[in-house]
Structures are given as C-alpha cells and as structure tokens.
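> Every position in the sequence shown, counted from 1, becomes a number in this note's numbering once 53 is added.
Virtual Cβ for every residue (Gly too), placed ideally from N, Cα, C.
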Amino acid sequence: MSDYLSVDKVSFGYGSRPVLREVSVGLTKGDILGLIGPNGAGKSTLVRTVLGLATPSSGRILLDGHDIRAMSPKVRARRIAYVPQSSPLSFPATVFETCLLGRTPHMGASPSRGDLAVVEDMLRRLRLEDFAFRPMSELSGGERQRVMLARALAQETEVLVLDEPTSALDIGNQLFTLRVVAEIARERGVTALVAIHDLSLAARFSDSLLLLDKGAVVGHGNWRSTLTEQTVRDVYGVNVEIGLLRDIPVFAPHELT
Ligand SMILES: Nc1ncnc2c1ncn2[C@@H]1O[C@H](COP(=O)(O)OP(=O)(O)OP(=O)(O)O)[C@@H](O)[C@H]1O
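1. Can residue 67 be considered in contact with ligand 1, in the sense that its beta carbon sits closer than 6 Å to one or more heavy atoms?
2. Within 10 angstroms of its Cβ, does residue 259 collect 16 or more other Cβ (buried), or is it exposed?
3. Can you give me the C-alpha to C-alpha distance between residue 279 and residue 94, rounded to a whole angstrom?
4. Could you give the DSSP three-state label for residue 97: helix, strand or coil?
5. Residues near ligand 1, CB to any non-hydrogen atom under 6 Å, in chain order?
6. Which ranges does the alpha helix (DSSP H) cover as unbroken runs of at least 4 residues, wholly within the stretch 117 to 186, from first to last along the chain?
7. For residue 304 and residue 167, what's the separation of their Cα atoms in angstroms?
8. When DSSP labels each residue in this structure, what does residue 195 get in the three-state scheme?
9. Measure the beta-carbon distance from residue 197 to residue 233 and round it to whole angstroms, keeping in mind my assumption that it falls under 8 Å.
10. For the beta strand (DSSP E) holding residue 299, just list the boundary residues, first then last.
11. Would you decide whether residue 191 is buried or exposed? Buried here means 16 or more other CB atoms lie within 10 Å of its CB.
12. Which ranges would you report for the alpha helix (DSSP H) in the stretch 54 to 104 if only whole runs of at least 4 residues count?
13. DSSP puts residue 237 in a beta bridge; with which residues?
14. Quick check on residue 110: does DSSP put it in helix, strand or coil?
15. I need the DSSP call for residue 287, collapsed to helix, strand or coil.
Following this line, the structure appears as structure tokens:
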C-alpha cells in the first residue's frame, strides 16, 4: 500500500545545530506510528515539521501526495489535528467550549447542530461528559490533557498528531485513552503519529515504531525489531530487561550503563 503520510528526507536545524538529519518514514492510512527516542532526540521537532509549524531545511512532508507546505492553515486544520505536549490556557473557557474549538475549521459563523453533536459524542467517548460545563482553569493536569485530546478528535481529521498524550495520565487513563485513539484510528482510517516516552505503551499501541537518536532514525519497524536490549542500551544508556507479561511488552530498566 502506498504511503498516506510521508516524511521524505527531512532535515532541520536551530541555527547551525542540526536537530533532524534526513528523517524518512511513511505511514499508510489508518496506521499508528509511535515516535520514540530520548530527551532532545528531535521528536517534537519532527512533529512540528509534519504540522507545517517548522520548515525543513531540506526534504518534504507529503499528505496523500500533496506537500503540506502548499496547504493553507485552514485546509491543514481540516486534515491534521494536533495535541501539543502542554497547552497553556489562553482565555477562560469551559470544557465544552474548548472542545467546540476543534470544530472551527469546519464551522460557519456559529456551530451547527452537527458540530454540537460531534463535541457531545467525543466528550462521552472520553468519559468527560460530567466535566462539560466546568471551567478549564479548574481541571487537574490529567483532566485537561484528556480534554485537549477530545478537542483534537472533535476536529475529525484524517491525521492525528499527539505529542506525549499520556504524560499527565494515571495508568488507567493511559490505557483507556490510547484504546480510544486506536479504536478511532481503526474505525475512521485516521493516521496517527504519537510521540511517547513510555516504551510499553508505545510498543502496545503502535503499528510500528520510529526510534530517533540525535535527530537521526536509528530504528524503524515493529517493536520487537526496534526495541532490543541492545538498542535500548545504546540509545537510552540504560541496561534493560525486556519481557512479556500477559502478552504485554514490559521494559525493566535496571542499571545505567
Ligand atoms: N526553540 C529552540 N531553539 C533552539 N534549540 C531548540 C529549540 N527547541 C528545541 N531545541 C533543541 O532541539 C533538540 C530537539 O528538541 P525536541 O524538543 O525536538 O526533542 P524531543 O525528542 O521532543 O525531546 P523530549 O523528549 O525532551 O520532549 C534539543 O536538543 C533541543 O534542545
């Protein structure tokens, strides 16, 4: 199958310091790609280039064969939704109003019944309906993170880009939230790029993994081939034991190298 989202030899630098070095990866429609690598490896920077927020010094990003830089911000927002690592509150809003912002690229002057129904559905799906009329400023960090995901899902895009979507969540909500993302990817053929530090969750919920180190791809494929004890030691500087518990990949770091 041909790639739906294609990162083609993308390089990027801040000043003279290279941060991405000829990164290439392709995702077919409905794929979930887990983007992993140590702090500073370039994951968020790659995410920003995919969103068109950072312009590569060379290479390109193609969505369904079209260069994303040729798309207007509005068209991009209809096709790609993004949840950043953290989302500062910029103005007072309830949970419902925040999720409704996800409908902006589709909306006229005011929301239609359809827009309201999408938001209600997403809040229900993420078990946030009881929060609908709470102000965002009064939510916990994890609750806020789930709302930002609901907002991105309410955008109903073909591509979902999530930067550390579970960083503030407890273990139950990590599992629940990634299950919802995986269900939606499957149901609607949504292609997802998910930067994530938790190797067990990354291995469990991704169709394939892209391992970055110092801006370069050092592994790509299924979790077993990408995350060996050797590669984890080389890239993360930690000795790790990798096993399966109830068929779930488990990574136990036991000693720094
Ligand atoms: N605005 C900036 N100006 C200069 N350097 C930057 C800037 N933003 C990021 N960097 C550098 O680029 C490199 C890659 O950063 P990036 O945020 O992409 O890493 P990451 O893999 O997402 O890390 P983390 O896991 O810690 O979130 C780092 O060395 C970082 O210091």
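In short, the structure shows the following:
1. yes
2. buried
3. 16 Å
4. helix
5. 67, 72, 90, 92, 93, 94, 95, 96, 97, 98
6. 126 to 132, 148 to 153, 166 to 178
7. 44 Å
8. helix
9. Wrong, their Cβ atoms sit about 17 Å apart, outside the cutoff.
10. It is not in any beta strand (DSSP E) - residue 299 carries neither H nor E in the DSSP assignment.
11. exposed
12. 96 to 103
13. According to DSSP, which records beta bridges pairwise, residue 237 is partnered with nothing at all.
14. coil
15. helix
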